[in-house]
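Quick note, the sequences are listed as chains A and B, same order.
Reading the first sequence from the start, the letters are residues 590 to 781 in the working numbering.
Reading the second sequence from the start, the letters are residues 590 to 781 in the working numbering.
All C-beta atoms, glycine included, are put in the ideal place defined by N, C-alpha and C.
2 protein chains.
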Amino acid sequence: MGMVRWEPGARERLQAAAMDLYISRGYEKTTAADIAQAVGLTERTFFRHFADKREVLFSGQELLEQAILEALAAAPQGAAPLDMVASALSALAAFFPVERRVHSRRRQTIISANPALQERELLKMAGLAAVVAAALRARGVSGSTATLAAESGVTVFSVAFGKWIAEGEERSFLDIQREVLGELLAMTAGAA
Amino acid sequence: MGMVRWEPGARERLQAAAMDLYISRGYEKTTAADIAQAVGLTERTFFRHFADKREVLFSGQELLEQAILEALAAAPQGAAPLDMVASALSALAAFFPVERRVHSRRRQTIISANPALQERELLKMAGLAAVVAAALRARGVSGSTATLAAESGVTVFSVAFGKWIAEGEERSFLDIQREVLGELLAMTAGAA
DNA sequence: GTCTATAGTGCGATAGAC
DNA sequence: GTCTATCGCACTATAGAC
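In structure tokens, the structure reads:
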């Protein structure tokens, strides 16, 4: 139990401190130096861990992409594009267990209040859609159909996420997502 | 014909100069001062016209929103959500006549090369989707179905836009958009 | 770790149009 | 006199370069 030069988990502590400050003071009124100072580090160190002030709220993307790719790889050969997307969506649900709902809600509150953060979130979602579309194309789905299926998947995910974090909502992410996918199918089936 | 204190159309001249510089030097290597100087203005004046360096590439959004709202208002009462969306999409096609294809292509080349610009574009698209969704809700479409229909509309628009500016493409924006909407319907109809 | 360029803001001054 | 477009200057924070 000697003096350690630096506590481990700097990245995680920075993320936690950022969320707290973004909530208490607001995102724009919080400087990178504020966040670093809150955990005993320097501004320079903050930017070593995160490319910019927004990125501190958006990590873990790689894990989602990996889960998506595994789910798509496991889908039966010759499955319909939207069925493959549905498999990927089910795989994502594992990342949103009940225990995470409070954290997700806090995080979304911050993002909803700041256009700059919304931009970053949209870019991340677009990145997920691109990954899905590329995987579908690799499985033989035609170019634009792959994009349409992938974007539809992201839309279903986003709408389901919004419902999942709604106040008073009790159902699991998976159940909600299934319902939303059903709504999408009903909606498209109802057009002339 | 005396010396005027300032030439009219500052905004438009700044937009044109920005596109030229973003292409010749790259977006990141172009400063706001560069753009302003190119049209005989100061950096401070640039920021009076545009909230930030990205925004100079994204104006005219209001016109699109207005056209969308008019199209949705004109749609027959009780129409299916996706049919109303299709009306809105048709109205948008008027903004993309053949003459504009070269300009659109140049602009998209710049955006595609810069994540910061992609973020802004995604935010603008999300704004369009929100407008559509709100209008659908006002016409009695249920909350999540309205969002799903609106987002699907934006996806169709984006995919169609990408095809329209593709090298060698000759068809009208409207024709391409109709085709993409058909692909979307076929894709969703093919799921289990 | 320090140094620096750039983005973006706030405020006061100027000068013509109405 | 008021309104609008512009300039000029000082300032902070971000982010990248050294």
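- Residue 723 of chain A and residue 749 of chain A have their C-alpha atoms spaced approximately 23 Å apart.
- Among the residues facing chain B, residue 672 of chain A is included, as its CB has a counterpart in that chain under 8 Å away.
- Counted as a single uninterrupted DSSP element, the stretch harbouring residue 646 of chain B is not any alpha helix (DSSP H), since DSSP gives it neither H nor E.
- Residue-level contact by beta carbon holds for residue 748 of chain B and chain A, with a gap shorter than 8 Å.
- For residue 625 of chain B, there are no neighbours in chain A by C-beta distance under 9 Å, as the nearest C-beta there is about 23 Å away.
- Ranked by how close their Cα comes to the Cα of residue 641 of chain A, the residues A:621, A:660, A:653, A:658 have A:621 in first place.
- By the Cβ neighbour-count rule, residue 731 of chain A is exposed, with fewer than 16 other Cβ atoms within 10 Å of its own.
- Under the three-state reduction of DSSP output, residue 727 of chain A falls in the helix class.
- With a threshold of 8 Å between beta carbons, residue 733 of chain A makes contact with chain B.
- At least one C-beta of chain A is nearer than 8 Å to the C-beta of residue 741 of chain B.
- Look at residue 666 of chain B here: in three-state DSSP terms it is coil, with no helix or strand label.
- The Cβ of residue 697 of chain B sits no closer than 8 Å to any Cβ of chain A.
- For the 8 Å CB-CB criterion, residue 695 of chain B and residue 612 of chain B form a contact.
- Between residue 711 of chain A and residue 708 of chain B, the C-beta gap is smaller than 8 Å, which places the two residues in contact.
- Among the CB atoms of chain A, one or more fall inside 8 Å of the CB of residue 711 of chain B.
- A Cβ of chain B is located within less than 8 Å of the beta carbon of residue 669 of chain A.
- If you compare the alpha carbons of A:680, A:675, A:681 with that of residue 771 of chain A, the shortest gap goes to A:675.
- Just so you know, the alpha carbons of residue 734 of chain A and residue 769 of chain B end up roughly 9 Å apart.
- Scanning its chain for C-beta atoms nearer than 8 Å, with the 5 sequence neighbours on each side dropped, one finds around residue 672 of chain B the residues 664, in chain order.
- Here residue 629 of chain B is exposed. Its C-beta has fewer than 16 other C-beta atoms within 10 Å.
- Shown here, residue 629 of chain A sits in coil according to DSSP, grouped into three states, outside any helix or strand.
- Take the alpha-carbon of residue 618 of chain B and the one of residue 596 of chain B: they are about 27 Å apart.
- Relative to the Cα of residue 716 of chain B, the nearest Cα in the group B:693, B:759, B:623, B:736 belongs to B:736.
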